[in-house]
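Chemist: For the sequence shown, the working numbering gives the first residue as 13, with consecutive numbering after it.
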Amino acid sequence: MWRGVPGRLRDIVQWQVAFWSHSFVRTWGSCGEAMTEALSAQAEAAGGLKALVQQNGDAAKDTSGEPLLERLELAAVEKQVSESGEPAQGGEEQLPGNGEQVPAPSADSGKRKKRQGATGERVVPPPKKRRTGVSFSDEHFAETTYYFEGGLRKVRPYYFDFQTYCKGRWVGRSLLHVFSTEFRSQPLAYYEAAVRAGRLHLNEEPVQDLSIVLKDNDFLRNTVHRHEPPVTAEPIRLLAENNDVVVIDKPSSIPVHPCGRFRHNTVIFILGKEHQLKELRPLHRLDRLTSGVLMFAKTAAVSEKIHEQVRDRQLEKEYVCRVAGEFPDKEVICKEPILVVSYKVGVCRVDPRGKPCETVFQRLSYNGRSSVVQCRPLTGRTHQIRVHLQFLGHPILNDPIYNSTAWGPSRGQGGHIPKTDEELLRDLVAEHQAKESLSMLDLCDGDLAPGLIDSTAPSSELAKDSLEGLSTAAQKIDGGAEAASQHLDTAEKAAKANVNQETDPLCAECRVLRQDPLPQDLVMFLHALRYKGPDFEYVSPIPAWAQDDWQED
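Pasting the structure below:
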C-alpha cells in the first residue's frame, strides 16, 4: 500500500488517521465542536500534503499514475460524508423515494449523450428494478371472474400482458426470427396482425416492424386474449389456519401456483380471491392432479424453519392411492433412481442416470380388480410415487401418463420401454391429442413442437388476409376500450372489461368449440393423506375412491 510513498508523507497520513479516530470518539460528547476541529485539521493536513507532494514531485504517485493527493482528498471527502450523514458537494446524488444512489452527472455527460444520439442507434432504457417477494395483488385478482358450470370451475377469458426481457440468445436477432423459432403457438401472420392492432410493445413503445433487431435489456410486452382450462368445482377446504401456516385440502386438477395456461384457476389465486389469504409461501409440492394436504407458510421465518425440517428428514409424508391389480400384501420398498425425460411434457422414468430416491409401500385393501396402497416417500422427486408404482407393475388406476399404452405392452413395468425418449413423448402426446385431453399433460396445441407431432392448432389454419381484417377490428376494440376507461380505477376497469373481453377478433381460441371434460375425468387416485413434523400433524379426509366399499365403473 505504501510502496513509493516517502516516509514523511506516510507519517502525516498515519497521523491523520489517528486524529480522525480520536475526533470520532469526541463527537459523542460535542458533535458540533468535534466536526469543526476535524474539518480544520483536515484542511491543515491537506495543505501540508499538497506542499509535500509539490516538494516530492512524481514520487507521490502510485502505480496507476493517479496523483496520491487527489485520492487522499477524495477519501477525506467520503469520510466526511459517512460521518456527518450529509452529502458533500461533488459527491453522489440521492434518488428520491427508492434509496438508491447514482453518480452525479459529470461535465461531459451531456456531450456523451449527444454523441450517442447522433449515431441514430436505438437506445435501450435501463432494466426496471423488480420488487422481490411481492405477492399477487387485488389488481391481479380483478383481471377476470369465475363462473361454475357442469361441476367445473371456469375462468372468463381476459386480456393479459406477457412480459419478458430479451434473452441472451435473442440479442442480435429480429422479432420476426424470435417469433418464428420460439413462439410457434401462432403463425407469423398473427404477429403481423398483432403489430397492426398495437398488441406488441418494445420498451413500452408500440412495435412498428417485426424486422427490428433486439438488444440486451430490451423489454417485450405482448397483449394476448387468454383462455384457461377448467378445473373441478370442488371447493378448497381449510384444514387449519393460525399466525404461522395455512393448511388446505387441495382438490385434484387445480395447480398450486400460476404455470402454463393456468393463472386464476390455481390454489394461490383462489385462496387470494375467495378467502383473502395472500402472500402465502408453499411449503411443499403437489402435482396438479394430486389432492390432499397442502401447507403454506405465512412468514419467511416459518417457511425456512419447515424447509429445514424437510432437509433434515424430519417431515413424515403419507399418501394413499388406488393402483391397478393386486398389490403385494407385504411391505414393498422401491429405491429405483428417477430421471426427468421432459420438463415440457412433465414425464419421468426409472433410469440408472437418475436421482436416488426411496418410497415405502403397504397395501391397505384389494377389491378383486384394484388395490388401495399406502405410500411413504422418503425423498421428494418429481412424480416419485407414480413412477415407482409404474416400475412395480401397479400404476395408479387412472394415471393419464404412467398408465398409458404409449409406454409399450408392459406399460413401463420393470423399466422396460421398447422405444426412445423421443418416440415415447411423441406417442404420449399423440394419444392425448386424439382424446382431446392435452390439458392432462399441461399442454395445448400451440405447445407441440414439430419434432413431437404435426400441430393442428386452429390458429395455424388462419389465412393472412383474414387476419388483416381481424386486426382492424381489434384496433377499434382496443382503442374504444382504452378511451372508455381512462378515468376508471383498476376495479372498475376490470368490471367493465369482463363484459366485453370474452371474445377477441385476433384470438383463435375464441373460434374453437372445445368439449368440457367430465368432473370425474379431472380426478387422479393419488391423495396426500397426512403431513407430520416435530411439532405439527395435519390429516385430510380419506377420499371416496379409497374407501373399502368403492365400486369401479
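Here a beta-carbon is modelled for each residue, glycine too, at the ideal position from N, C-alpha and C.
This one's a predicted model, so the numbers in the text were calculated from it and none came from an experiment.
Please work out which residues of its chain come closer than 8 Å, Cβ to Cβ, to Pro-407, disregarding the five sequence neighbours upstream and downstream, and give them in chain order.
Modeler: So the list reads Val-335, Ala-336, Arg-398, Leu-401, Tyr-414, Asn-415, Arg-423, Gly-424, once near-sequence residues are dropped.
Chemist: Can you grab the Cα-Cα spacing for the pair Asp-433 / Leu-440, in whole Å?
Modeler: 11 Å
Chemist: Which one of Ile-350, His-269, His-428, Arg-181 has the shortest CA to CA distance from Lys-227?
Modeler: Arg-181
Chemist: For Ala-252, which residues from the same chain have a beta carbon less than 7 Å from its beta carbon, with the 5 sequence-adjacent residues on both sides left out?
Modeler: Contacts found: Val-259, Tyr-550.
Chemist: Report the residue from Ile-282, Gly-210, Asn-255 whose alpha carbon sits nearest the alpha carbon of Phe-148.
Modeler: Ile-282
Chemist: Rounded to the nearest angstrom, what separates Glu-291 and Ala-313 at their Cα positions?
Modeler: 13 Å
Chemist: Could you name the residues of the same chain whose beta carbon sits closer than 6 Å to that of Val-225, not counting the 5 residues immediately before and after it, in chain order?
Modeler: If we look at Val-225 and ignore the five residues flanking it on each side, its Cβ neighbours are Ser-186.
Chemist: Per DSSP, Ser-377 forms a beta bridge with which residues?
Modeler: Val-384
Chemist: Give me the residue from Val-535, Arg-238, Glu-330, Met-307 with the minimum Cα distance to Val-257.
Modeler: Out of Val-535, Arg-238, Glu-330, Met-307, Met-307 has the C-alpha closest to the C-alpha of Val-257.
Chemist: Could you check if Pro-137 is buried or exposed, using at least 16 other CB atoms within 10 Å of its CB as the buried criterion?
Modeler: exposed
Chemist: Quick one: is Val-535 buried, meaning 16 or more other Cβ sit within 10 Å of its Cβ, or exposed?
Modeler: By the C-beta density criterion, Val-535 is buried, having at least 16 other C-beta atoms within 10 angstroms.
Chemist: Just to confirm my understanding: we take Gly-632, look at its own chain, exclude 5 residues before and 5 after, and list those with CB closer than 8 Å. What are they?
Modeler: The question about residue 632 has no answer here: the residues shown for the chain are numbered 13 through 565.
Chemist: Would you mind stating whether Arg-273 and Glu-240 have Cβ atoms separated by less than 7 Å?
Modeler: yes
Chemist: If you draw a straight line from the C-alpha of Thr-394 to the C-alpha of Gly-420, how long is it?
Modeler: 22 Å
Chemist: Within 10 angstroms of the Cβ of Leu-232, are there 16 or more other Cβ atoms? Answer buried if so, exposed if not.
Modeler: A residue is called buried when at least 16 other Cβ atoms come within 10 angstroms of its Cβ; Leu-232 meets this threshold and is buried.
Chemist: Is it the case that the CB of Leu-390 approaches a heavy atom of the ligand NAD more closely than 6 Å?
Modeler: As for the ligand NAD, it is missing from this structure, which has no ligand bound.
Chemist: Can you check whether the CB of Asp-560 is closer than 7 Å to the CB of Ser-377?
Modeler: yes
Chemist: I need the boundaries of the beta strand (DSSP E) containing Gly-284, first residue and last residue.
Modeler: Segment 279-286 is the alpha helix (DSSP H) holding Gly-284; no beta strand (DSSP E) there.
Chemist: Which residue marks the beginning of the beta strand (DSSP E) containing Tyr-550, and which one marks its end?
Modeler: Per DSSP, Tyr-550 belongs to the beta strand (DSSP E) from 548-551.
Chemist: Ordered along the chain, which non-local residues of its own chain (more than five positions away) have a Cβ less than 6 Å from that of Asp-173?
Modeler: Arg-233, Thr-235
Chemist: Which residues in the same chain have their Cβ closer than 8 Å to the Cβ of Pro-368, if we skip the five residues on either side of it in sequence?
Modeler: The beta carbon of Pro-368 sits closer than 8 Å to those of Lys-347, Pro-349, Thr-391, all from its chain and outside the five residues before and after it, given in chain order.
Chemist: Leu-518 and Ala-309: beta carbons closer than 7 Å?
Modeler: no
Chemist: For Asn-254 and Leu-289, I'd like the C-alpha separation in whole angstroms.
Modeler: Within the model, the alpha-carbon separation for Asn-254 versus Leu-289 is close to 12 Å.
Chemist: What is the DSSP secondary structure of Leu-436, reduced to helix, strand or coil?
Modeler: Here Leu-436 sits in helix by DSSP.
Chemist: Roughly how many angstroms separate the alpha carbons of Ile-465 and Pro-263, rounded to a whole number?
Modeler: Residue placement at Ile-465 cannot be trusted, given a pLDDT of 48 that sits under 50; the coordinates are not used to answer.
Chemist: So, using beta-carbon positions, are Arg-388 and Glu-330 closer together than 7 Å?
Modeler: yes
Chemist: Output the boundary residues of the alpha helix (DSSP H) element that contains Glu-328.
Modeler: Per DSSP, Glu-328 belongs to no alpha helix (DSSP H); it is in the beta strand (DSSP E), 328-336.
Chemist: In chain order, what residues of the same chain lie with their CB nearer than 6 Å to the CB of Pro-553, ignoring the 5 residues before and after it?
Modeler: none
Chemist: Just the C-alpha distance for Gln-532 and Pro-267, rounded to the nearest angstrom, thanks.
Modeler: 17 Å
Chemist: Just to confirm the assignment, what range does the beta strand (DSSP E) spanning Val-236 have?
Modeler: 231-238
Chemist: Could you give the DSSP three-state label for Asp-261: helix, strand or coil?
Modeler: strand
Chemist: Measuring only the C-alpha atoms, how far is Gln-220 from Asp-516?
Modeler: 21 Å
Chemist: For chain C, find out if any of its Cβ atoms is closer than 7 Å to the Cβ of Gly-424; answer yes or no.
Modeler: Reference to chain C is not applicable here, since this structure consists of a single protein chain.
Chemist: Tell me whether Tyr-159 is buried or exposed, calling it buried when 16 or more other Cβ atoms sit within 10 Å of its Cβ.
Modeler: By the 16-neighbour rule on beta-carbons within 10 angstroms, Tyr-159 is exposed.
Chemist: Which of helix, strand or coil does DSSP assign to Trp-562?
Modeler: coil
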